[in-house]
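Structure first, then comments.
Chains as they are written, first to last, in my numbering: chain A, 1 to 317; chain B, 1001 to 1280.
Right under this line is the structure:
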């Protein structure tokens, strides 16, 4: 394939843009942040609608409670911080004050995963999917590109109940056109294939497509699924893929413990058990370095998916 | 306050206390101590202070109440039941499998409960969010929240206190039930949040001190709280844990223990005697 200049956008930018556009349609939209508006891109909303932007300061626990209270007063609420603090520091607030009463609070968490880069391990949250999907009734979405992230904001705003939206700092290639809109809870087959299925989420979807291309060059026919919604998981599309291809490789910019790989393995184990191999961060903390380099260091590239796909095929009965 | 109204509130407060004992005894668990110390306050809020309608518990313009010290749910449930949100008889189902009266308040299950609480320090943030929502929408609702004194050890309380003052949430009224006891001992022994009034004042709040067991004192405190001067208001009320049941008063052991049958009988007898005395 010829190397074209592919447009790239960080999904945090898509998030900020979507909030501004949603704000124009929905006058009950309030956006909350914890002193990170410039980084999470909620600053775009703040600039457009200053009266509907609430900076809660560096106090994420309170941020989540305030978001809960506002949602009971009839507002559409997006509460933002870095994934580390939104899902990590404020986990129990999200669980008890948002999750338990099933309030329609949307948590826009940016700077998820290893691709935070230079800030290093303290800020590279690879546990947020695991934490958030353990909360009953929580919807967990990890968009793959600009368009998916943009439409996810609108879809989340319409949903009853809490939503965790996971965005990245690193610019990632555009995969979908203007005609695409996310359907929460519905996986998307991006490439047909019969020998193995790569189920990917977030920035690993692009890597999964590249991996399938590389596998095809070696005569291996890989299916690619975009699992943007980790919860509720689309077990239908995954079960079909497991039955038809006989082996699954999951790919995520998250710990291999508790994320997409775990969700897929747990889901398929009782329905259609096939080998499920996980590409992700291997039970370790991150480190400082340029984002693209760190993705390589932590095994989050197409080449790693290719290797696991071959291994999975070899395990088929 | 008129003497007849005060007498009526006193009678209601004894009935709230009976409801607490009834619930905790039948559940064989729960938190009577702090429930009893906050019984007068909840009576005052639900029968005198708050603009609420038991027939329309979700009405948008109502005042809100958040029980930040969620473990005293038995007191809240008793006040709600007596106010007509649900039958008093239901108090016996407290903490039972299938009951809409959970061990800690659930806004999804119990009519009149405005926020699910139980994990300390979180309710005041939700209350601040409600007060901010009312303010942004141009509403006139007041938002009340009740905190324990031990609860003030949670850092989130002070995140919320800073936030409420910074945003000028003057329809937020936080009441601190200062009974001086927490599970491991007196609050000074454990990790003292004293001096409480000075702390709230330093965070930019109006501070009012009150007697938790005197309706005239509560009336004066709430009248002052509704001055809407751009600041949130904290009412620090001195209370007696276990108030109204002689053997539970000021005893930390009754923080989270249910009475046995003999203790239940004695408690109910004492409360009946109080009612009888108020009838004269």
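Glycine included, C-beta positions come from ideal geometry on N, C-alpha and C.
Fill in: Pair within 7 Å by beta-carbon distance, residue 202 of chain A and residue 149 of chain A
no
Item to complete: Could you please tell me which residues of the stretch 1051-1079 of chain B, in chain order, have their CB closer than 9 Å to any CB of chain A?
Response: 1060, 1064 and 1066
Discussion item. At the 7 Å Cβ level, is residue 1163 of chain B part of the contact set with chain A, yes or no?
Written reply: yes
Item to complete: Can you give me the Cβ contacts of residue 106 of chain A inside the same chain, cut-off strictly under 6 Å, excluding the 5 residues immediately before and after it?
Response: 78, 156 and 163
Discussion item. Could you tell me the alpha carbon to alpha carbon distance between residue 1211 of chain B and residue 1078 of chain B, rounded to whole angstroms?
Written reply: 21 Å
Worksheet item: Is it buried or exposed for residue 82 of chain A, if we count other Cβ within 10 angstroms and need 16 for buried?
Response: buried
Practice prompt. Determine which residues of the stretch 19-40 of chain A have a Cβ less than 8 Å from any Cβ of chain B, and write them out in chain order.
Written response: 30
Worksheet item: Using 7 Å as the limit for Cβ to Cβ distance, is residue 1125 of chain B near chain A?
Response: yes
Discussion item. Taking 7 Å as the threshold (C-beta atoms), are residue 1169 of chain B and residue 1131 of chain B in contact?
Written reply: yes
Worksheet item: Thinking C-beta only, is residue 238 of chain A closer than 7 Å to residue 250 of chain A?
Response: no
Worksheet item: Whole-angstrom Cβ separation of residue 221 of chain A and residue 193 of chain A, contact assumed at under 8 Å?
Response: 5 Å
Item to complete: Assess, as a yes-or-no matter, whether the stretch 94-114 of chain A is touched by the stretch 46-54 of chain A under the definition of 3 or more beta carbon pairs within less than 8 Å.
Response: no
Practice prompt. Determine the DSSP secondary structure at residue 1153 of chain B, reduced to helix, strand or coil.
Written response: helix
Discussion item. Going by DSSP in three states, residue 1260 of chain B sits in which element: helix, strand or coil?
Written reply: coil
Worksheet item: Tell me which same chain residues have a C-beta within less than 7 Å of the C-beta of residue 1248 of chain B, skipping the five on either side of it?
Response: 1032, 1033, 1036, 1242 and 1254
Worksheet item: From this set, B/1065, B/1176, B/1101 and B/1025, which residue's C-alpha is nearest residue 1268 of chain B's C-alpha?
Response: B/1025
Worksheet item: What's the C-alpha gap between residue 1 of chain A and residue 214 of chain A?
Response: With a pLDDT of 44 at residue 1 of chain A, under the threshold of 50, the modelled position of this residue cannot be trusted; read the value that follows with caution. Near 11 Å, if we compare the C-alpha coordinates of residue 214 of chain A and residue 1 of chain A.
Worksheet item: Mind pulling the chain B residues with CB within less than 9 Å of residue 72 of chain A?
Response: 1064, 1107, 1114, 1115, 1126, 1129, 1130 and 1133
Worksheet entry | C-beta neighbour in chain B for residue 42 of chain A, strict 7 Å | no
Discussion item. Looking at residue 1017 of chain B: is its Cβ nearer than 7 Å to the Cβ of residue 1271 of chain B?
Written reply: yes
Worksheet item: Are at least three pairs of beta-carbons, each pair with one atom in the stretch 290-308 of chain A and one in the stretch 109-122 of chain A, less than 8 Å apart?
Response: yes
Discussion item. With a threshold of 8 Å, are at least 3 pairs of Cβ atoms found where one atom belongs to the stretch 1090-1108 of chain B and the other to the stretch 1050-1060 of chain B?
Written reply: no
Worksheet item: Of all the options A/84, A/302, A/205 and A/19, which has the alpha carbon lying nearest to the alpha carbon of residue 229 of chain A?
Response: A/205
Worksheet item: Using the beta-carbon of each residue, which ones in chain B are nearer than 8 Å to residue 61 of chain A?
Response: 1121, 1122, 1125, 1155, 1156 and 1159
Worksheet item: What are the boundary residues of the alpha helix (DSSP H) that residue 1050 of chain B is part of?
Response: First-last for residue 1050 of chain B: undefined, no H or E at that position.
Worksheet item: What residues match up with residue 1206 of chain B in a beta bridge as DSSP calls it?
Response: B/1233
Worksheet item: Taking the alpha-carbon positions, what's the residue 1177 of chain B to residue 1236 of chain B distance?
Response: 7 Å
Worksheet entry | Per DSSP, cross-strand counterpart(s) of residue 53 of chain A | A/31
Item to complete: Assign residue 1265 of chain B to buried or exposed, taking buried as 16 or more other Cβ atoms, counted over all protein chains shown, within 10 Å of its Cβ.
Response: exposed
Discussion item. So, with DSSP's three-state summary, where would you put residue 1101 of chain B?
Written reply: coil
Worksheet entry | Bridge partners - residue 1058 of chain B, DSSP secondary structure assignment | According to DSSP, residue 1058 of chain B bridges with nothing at all.
Item to complete: Would you check if the distance between the CB atom of residue 70 of chain A and the CB atom of residue 1133 of chain B is smaller than 7 Å?
Response: yes
Worksheet item: Which of the three DSSP states, helix, strand or coil, is assigned to residue 124 of chain A?
Response: coil
Worksheet entry | Beta carbon proximity, residue 49 of chain A to chain B, threshold 7 Å | no
Worksheet item: Are the CB atoms of residue 132 of chain A and residue 87 of chain A nearer to each other than 7 Å?
Response: yes
Discussion item. Please report the straight-line C-alpha distance between residue 1044 of chain B and residue 1209 of chain B, rounded to a whole angstrom.
Written reply: 16 Å
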